[in-house]
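Just so it is clear: in the sequence shown, position 23 is 70 by this note's numbering, and no numbers are missing. Reviewing the structure listed below.
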Amino acid sequence: AEVRSINKVGMERSGFSNDEIEVARGVFKKLFKGDMNRSQAIEYLEKEFSWKENEITKEIIAFAQSSERGLA
Numbered sequence: 048a049e050v051r052s053i054n055k056v057g058m059e060r061s062g063f064s065n066d067e068i069e070v071a072r073g074v075f076k077k078l079f080k081g082d083m084n085r086s087q088a089i090e091y092l093e094k095e096f097s098w099k100e101n102e103i104t105k106e107i108i109a110f111a112q113s114s115e116r117g118l119a
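Okay, here's the thing in structure tokens:
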């Protein structure tokens, strides 16, 4: 199986705003579609000022950091 995108429909049904979905999409692109490895992408996301206070970003980063078997 290949990870292609976030579950936008599921997020909409769960009440996430369009802004929150866009933030999740940006985090996803950095982790899975960018030219950085996982640790580089996590480090970049942690330093990115505009995402520091976003709960979605915090949860995704925490999950990625604690994952021992990969993200997909």
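For each residue, glycine too, the CB sits at the ideal point set by N, CA and C.
Within the segment 83–113, the complete alpha helix (DSSP H) segments at least 4 residues long are 85–94 and 102–113, listed from N- to C-terminus.
Boundaries cannot be given for Asn54, as no alpha helix (DSSP H) includes it and DSSP labels it neither H nor E. Between the C-alpha atoms of Met83 and Gly62 there is a straight-line separation of about 31 Å.
For Gly73, the uninterrupted alpha helix (DSSP H) run begins and ends at Asn65 to Phe75, by DSSP.
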